[in-house]
Each structure stands twice: as structure tokens, then as C-alpha cells.
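Novice: Supplied in C-alpha cells, the structure appears directly below.
Chains as they are written, first to last, in my numbering: chain A, 1 to 267; chain B, 268 to 534.
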């Protein structure tokens, strides 16, 4: 990539990242329903990185992709509402409206409890978006806390799963068969899926961990009950990085995304 | 505040927020050791807000205040490292170094386990900074998960407290009497402090929840063992908002900070 000498490093790097993402999105959009944007990858490039995140989100929307902002935020009342504003529709100020990322959904951390998740749910409902709450994550360290048994013998993730099912209930009781409060459930622990689906029958699952983290699409069938709209398989490094070293990352990314779609469609 | 007609709302709002923060910092710095910057309040103003956050952090450093970035981040390996880079020293790119927020410490969420906290600890150590892990937060919803009993009869927060004590151990075993892995412990649950201090004897506590959330400095003595450097009382809305409606927020903020210092010094 040609960068003029003396270019601001943050601006140049953010521009390169946005270019890369746009090319991968153009190539993979026909095989995908959504893009999960990892907020950290953009935030490390500072304000320019945040601008790139929003440019990439806008490009994804122009390709009719849903935008899932993987930000794993969580905080109390006013702060949770501020994070939700940043993820969804922005805020009104005395100087006029300030836009947000306009995501269709955002990932949220559950440790601080129900009142830390609720502002995201409320803001999502106001803008037609939703949340995915971390329930059983894909990393090895998930075992440290999430797998620990509680006094009723169930692991911590089961309690969080019940909270997630409950938070989505008003929507389920209404017209939508699928809850607008989803769950992040790592594809690296497929033996948990049946129980998680029992605890959260109407909850859409976001299933990261396929590919680079070792999860296999073939093991995820239990997540797809009661219908094919109820789970989204996500792969990040195995798609975005498929063409690492190639002049054009797009062809390898397209092949990786199409292979993943074929595997999921066969479940 | 005079804003030229047609000013960009995000830029104007971020500039106003940064001005307000600088005035409050100038007024309160003599009564404080650190400023806890709530990342959400800046992020809701988008890239301009993130720039304001960094400007305010720099101003705080110029006043010899420690900068605690209250971001409550948490994610797996590479993503945790990216968040840590954003909070601490930034990243190197092919176009040159991109700076981070240069915080002295950042708050981290524990739900994803030890391997999601470790990259923050490692990055902090490399830059002379530290982390504060959420253990028992100040909000009512903390009871939903953190207070739930595990099979050994102890609440979830006790398990997280042990993880925090363990993660800080290498530093404790070395030359420092105080761990570089701290704990966020809400001032709204003072009856927990003695047990938390037993579980984490060398851990610095960050004690939010005083003031607007109902916590009282007078109830926090148990947090200050084994020495006066082992806990930081934070108050946000009761200081920053003390002068709401005043032309100059600084005098009321200074009074609120000085009252708080006097109460803490009397413990």
C-alpha cells in the first residue's frame, strides 16, 4: 500500500485497515448474513480507528449485511446507556445529534448483572437492534468462572443463561418468535449446546470460535433448534486472514466464507 | 459556551466536555491522587469523544494525577491485547507508532476468565501500569450473579477475588508490597470489605459508589488494611456534578473533593 512519506501513522494504519475490511466484505457478503466487527481491533488505532470502524460498518450495511459490534461492554446504568448510545443511535447534544455506530447488535458482558444489560436491551429496542450477552465463551479461560459449579450443581453459565432468557421474554411474549436478547456461546464447547438451548429456547445464539480457535461447524447442530434463524456461526481470523500474504485478500476470504456457509447449510 | 453556528455537533460537544473536565481537574487536583475517567461518557461522542478522553488524560497527567481508565474491557487473547494497547502504550504499525491513552490503570471485566485478564496485566507491567478487575461492583444488579452462592457456599465474587490475588502474585513475591492487579469493590456493600480484604491482602481496592450511589466513606475502614496505599475511594457524579447549574463548576467540585479527602483521611 502506498502511503505518502510523513503520513500520520494512526490515520494511515486506520485507512489501510478500513480498505482491507471493505475488500473482504465485498468478497464475502454473498456468503454471509452479518459481519461481526471486533471493536478492539479498531480501538487500538485510537480516534482514527474508531472512525474506520464506523466507515466499515456503513460499508457493510450498504452490502445488506447485519452489523454485529463485538464490543463486550458492560457498566452501570448511565454508563451502560452511554455505551449503548455509542453502539446504536448516538446521542442528542445541545449542538445537535451525534451519530453512533448504528450497529444492529452489540455484545455485552454479564458480570455486573441484569441492570447493566438492560440499558443495552432498551436502546436496542428503540433502534430496532439487539444484544448478545456473553454466556459461555470460546476461550480456554471460560472454565475459570463460567464452568464453576454453583450451589445447585449447575455452572455459572446456566445462571447467566436464565437471565438472558428472562431479559428477552417481553419480546418473545409479543409477536416475535425469536428473542431480541441473544447469547454468545462458544463453538469450542459443543457439548454444552443442548443444555444451553433448553435454558434459552427462543434465544439467538452467536457461535464464535470456529476456525482459528478450533471449533467445528459440524458439531453445532444442537444450537440450531428450534429453527435455522436461531444461531449465527461466526468465523473471524479464518476468513479475514485467509489471504494473509496474498496481494489481494479477497479471493481466499471468499473461499473461506463459502466453505463455512456450505458446512452450516448442511446441518 | 459560545459555539459558532454550523459547528460539527460531535466536535463541539467533545470540546465542551473536555473543557468541563479540565476545569474540574484544575480545581480538584490538589485534593486527589488520581482521576477515574469513564470511557463510556467520551465514547458516546464518537471519534471526537475519544480524542477528548485522551486530551483530558494528558491534562490530568500534567497535574500529577494518576489516570485510571474506567473501560471495563474484557475479551480473548488478541482482542484483550488490542484493548490493552489502546489503554496503555498504543501499537506499532508499518507507518509508525500509534499512541494509546497512556493510562496508569484500566478496569477489566472478569467473566471470560484468567486468560482474558492476563493480556491487560502483561501490557500494564510493560508500561508501568496496572489493572483493576471487577470483583464486587457497586450497582444493585451486582447481586444477580456476583452474590450467588457457589457449591462451596461462597459467593461468585470470592472466586473472582482469589483469581485477582493470584494474578497479582508475581509482583507481590517480588519487591512490591502492593499487587499491580487491583480489585473494583463497590463502596455500596461495605459489609463485604473484611472478607474481600482477607482474600486479597495485597490488592489495591478501587472503591466506587460513594456519593450519588449511596456509599459512605465512613463505612470503608476495612478496605484500608494493611496500609493507607491499599485503597482508592472514587466519587464521580458527586464531584463532577457538584456545580451543575453554576456558571463555573470548579468551586463546588473543589469543595466536594476536599470534603471527601477529609473523610478518607479520618479513617
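Heads up, the beta-carbon is just placed ideally off N, CA and C, and yes, glycines get one too.
Are residue 530(B) and residue 502(B) close, meaning C-beta to C-beta below 8 Å?
Specialist: As a working mapping, residue 530(B) is identified with position 263 in the second chain. As a working mapping, residue 502(B) is identified with position 235 in the second chain. Not in contact: residue 530(B) and residue 502(B) (Cβ atoms no closer than 8 Å).
Novice: Which residues, taken in chain order from the stretch 393-422 of chain B, show a beta carbon closer than 8 Å to some beta carbon of chain A?
Specialist: Of all residues in the stretch 393-422 of chain B, 401, 404, 405, 406, 407, 408, 409, 410, 411, 412, 413, 415, 416, 417, 418 and 420 have a Cβ within less than 8 Å of some Cβ in chain A.
Novice: CB-CB under 8 Å to residue 88(A), same chain, minus the five flanking residues each way: which ones, in chain order?
Specialist: By 1-based counting over the first chain, the position of residue 88(A) is 88. So the qualifying residues of the chain are 100, 101, 102, 103, 106, 123, 124, 126, 127 and 129.
Novice: Buried or exposed for residue 273(B), please, with buried defined as at least 16 other CB atoms from any protein chain shown within 10 angstroms of its CB.
Specialist: Here residue 273(B) refers to the residue found at position 6 of the second chain. That one is exposed.
Novice: Can you find at least 3 beta carbon pairs, one from the stretch 76-85 of chain A and one from the stretch 300-311 of chain B, that sit closer than 8 Å?
Specialist: In short, these stretches touch, since the Cβ pair count reaches three.
Novice: Quick one: what does DSSP say residue 391(B) is sitting in, helix, strand or coil?
Specialist: As a position in the second chain, residue 391(B) is number 124, starting the count at 1. Note: residue 391(B) maps to helix in three-state DSSP.
Novice: Would you tell me roughly how many angstroms separate the C-alpha atoms of residue 430(B) and residue 316(B), rounded to the nearest one?
Specialist: Residue numbering aside, residue 430(B) sits at position 163 when the second chain is read from its first letter. Residue numbering aside, residue 316(B) sits at position 49 when the second chain is read from its first letter. Whole-angstrom Cα-Cα distance: 34 Å.
Novice: Using a Cβ cut-off of 8 Å, pull out every chain B residue sitting near residue 119(A), in sequence order please.
Specialist: The residue you call residue 119(A) lines up with position 119 of the first chain. Residues of chain B passing the Cβ test: none, with the nearest at roughly 10 Å.
Novice: Which full runs of the beta strand (DSSP E) of 3+ residues lie inside the stretch 26-108 of chain A, going along the chain?
Specialist: The qualifying runs are 34-38, 66-73, 91-93, 96-98 and 105-108.
Novice: So which residues of chain A does residue 382(B) contact, with C-beta pairs closer than 7 Å?
Specialist: Taking the second chain and counting its residues from 1, one reaches residue 382(B) at position 115. Those within 7 Å of residue 382(B) in chain A are 139, 140 and 141.
Novice: For residue 43(A), decide whether its Cβ has a neighbour in chain B, counting only Cβ atoms nearer than 8 Å.
Specialist: As a first step, residue 43(A) is located in the first chain; it is residue number 43 there, counting from the start. Chain B, which has a Cβ nearer than 8 Å to the Cβ of residue 43(A), makes this yes.
Novice: Use the C-beta contact count for residue 27(A): other C-beta atoms within 10 angstroms, 16 or more gives buried, fewer gives exposed.
Specialist: For this step, residue 27(A) is matched to residue 27 along the first chain. With 16 or more Cβ atoms within 10 Å of its Cβ, residue 27(A) is classed as buried.
Novice: In whole angstroms, what separates the C-alpha of residue 523(B) from that of residue 481(B)?
Specialist: Locating residue 523(B) in the second chain gives position 256, where the first residue counts as 1. Locating residue 481(B) in the second chain gives position 214, where the first residue counts as 1. Approximately 15 Å, taken between the alpha carbons.
Novice: What residues of chain B sit near residue 35(A), judged by a beta carbon separation below 9 Å?
Specialist: Here residue 35(A) refers to the residue found at position 35 when the first chain is read from its first residue. Ordered by position in chain B, no residue passes the 9 Å Cβ test against residue 35(A), which lies about 16 Å from the chain.
Novice: Would you give the residue range spanned by the beta strand (DSSP E) that residue 231(A) belongs to?
Specialist: The residue given as residue 231(A) occupies position 231 in the first chain. It spans 231-233 - the beta strand (DSSP E) in which residue 231(A) sits, taken as one unbroken run.
Novice: Would residue 444(B) count as contacting chain A if we go by Cβ distances under 8 Å?
Specialist: Numbered from its first residue, the second chain carries residue 444(B) at position 177. Taking Cβ atoms only, chain A never reaches closer than 8 Å to residue 444(B), which makes this a no.
Novice: Roughly how many angstroms lie between the CA atoms of residue 514(B) and residue 364(B), to the nearest whole one?
Specialist: For this step, residue 514(B) is matched to residue 247 along the second chain. For this step, residue 364(B) is matched to residue 97 along the second chain. Cα-Cα distance, rounded: 41 Å.
Novice: If you follow the beta strand (DSSP E) that residue 192(A) is in, where does it begin and where does it stop?
Specialist: Working through the first chain from its first residue, we reach residue 192(A) at position 192. Looking at the DSSP string, residue 192(A) is not in any beta strand (DSSP E), and its letter there is neither H nor E.
Novice: Taking CB distances under 8 Å as the criterion, tell me whether residue 343(B) reaches chain A.
Specialist: The residue labelled residue 343(B) in the question sits at position 76 within the second chain. Yes - at least one Cβ of chain A is within 8 Å of the one on residue 343(B).
Novice: Determine the DSSP secondary structure at residue 216(A), reduced to helix, strand or coil.
Specialist: Counting from one through the first chain, the residue named residue 216(A) turns up at place 216. Residue 216(A) falls in the coil class under three-state DSSP.
Novice: Could you give the C-beta distance for residue 134(A) and residue 378(B), rounded to a whole number, given that I count them as a contact under 8 Å?
Specialist: Position 134 of the first chain, counted from the start, is the residue given in the question as residue 134(A). Position 111 of the second chain, counted from the start, is the residue given in the question as residue 378(B). So it is a contact: roughly 6 Å between Cβ atoms.
Novice: Put residue 422(B) into one of helix, strand or coil per three-state DSSP.
Specialist: Along the second chain, read from residue 1 onward, the residue named residue 422(B) stands at position 155. Residue 422(B) falls in the strand class under three-state DSSP.
Novice: Identify, in the order they occur along the chain, each residue of the same chain with its Cβ nearer than 7 Å to the Cβ of residue 281(B), setting aside the five sequence neighbours on each side.
Specialist: Locating residue 281(B) in the second chain gives position 14, counting from the first residue. The residues are 312, 315, 316, 318 and 319.
Novice: Which residue's Cα is closest to the Cα of residue 286(B): 296(B), 323(B), 434(B) and 358(B)?
Specialist: Translated into the one-based positions of the second chain, residue 286(B) becomes position 19. Residue 323(B) is the option with its Cα nearest to residue 286(B).
Novice: What does the Cβ neighbour count give for residue 342(B), buried or exposed, with the cut at 16 atoms within 10 Å?
Specialist: Position 75 of the second chain, counted from the first residue, corresponds to residue 342(B). Its Cβ being crowded by 16 or more others within 10 Å, residue 342(B) is buried.
Novice: For residue 416(B), does the count of other Cβ atoms within 10 angstroms reach 16, so buried, or fall short, so exposed?
Specialist: Taking the first residue of the second chain as 1, we reach residue 416(B) at position 149. Residue 416(B) is exposed by the Cβ-count criterion.
Novice: Name the chain B residues whose beta carbon is nearer than 8 Å to that of residue 230(A)?
Specialist: One-based indexing of the first chain puts residue 230(A) at position 230. Simply none; closest approach about 23 Å.
Novice: Just to check my reading of the structure: residue 460(B) and residue 428(B) have Cβ atoms closer than 8 Å, yes? What is that Cβ distance to the nearest angstrom?
Specialist: As a first step, residue 460(B) must be located in the second chain, where it is residue number 193. As a first step, residue 428(B) must be located in the second chain, where it is residue number 161. Contact flag wrong, Cβ pair sits at about 11 Å.
Novice: Between 507(B), 533(B) and 532(B), which has its C-alpha nearest residue 303(B)'s C-alpha?
Specialist: For the purposes of this step, residue 303(B) is identified with residue 36 of the second chain, where counting begins at 1. Checked all of 507(B), 533(B) and 532(B); the closest Cα to residue 303(B) is 507(B).
Novice: Return helix, strand or coil for residue 252(A), following the three-state DSSP convention.
Specialist: The residue given as residue 252(A) occupies position 252 in the first chain. Residue state, collapsed to three classes: helix.
Novice: Per DSSP, which residues does residue 450(B) bridge with? Please list them.
Specialist: As a first step, residue 450(B) is located in the second chain; it is residue number 183 there, counting from the start. Bridge partners of residue 450(B): 400(B) and 472(B).
Novice: Have a look at 54(A), 77(A), 121(A) and 109(A) and flag the residue whose alpha-carbon is nearest the alpha-carbon of residue 181(A).
Specialist: Along the first chain, one-based indexing puts residue 181(A) at 181. Taking only the C-alpha atoms, the option nearest residue 181(A) is 121(A).
Novice: Find the residues of chain A that neighbour residue 313(B), judging by a C-beta separation of less than 9 Å, and give them in chain order.
Specialist: Taking the first residue of the second chain as position 1, residue 313(B) is located at position 46. Going along chain A in sequence order, the residues near residue 313(B) (Cβ under 9 Å) are 47, 50, 51, 54, 86, 90, 98, 99, 100 and 101.
Novice: Please check if any C-beta of chain A sits within less than 8 Å of the C-beta of residue 377(B).
Specialist: Locating residue 377(B) in the second chain gives position 110, where the first residue counts as 1. Yes, residue 377(B) counts as interfacial toward chain A.
Novice: Alpha carbon to alpha carbon, how far is residue 470(B) from residue 451(B)?
Specialist: One-based indexing of the second chain puts residue 470(B) at position 203. One-based indexing of the second chain puts residue 451(B) at position 184. Roughly 10 Å between the two C-alpha positions.
Novice: Which residue marks the beginning of the alpha helix (DSSP H) containing residue 238(A), and which one marks its end?
Specialist: In the first chain, the residue the question calls residue 238(A) occupies position 238. Per DSSP, residue 238(A) belongs to the alpha helix (DSSP H) from 237-240.
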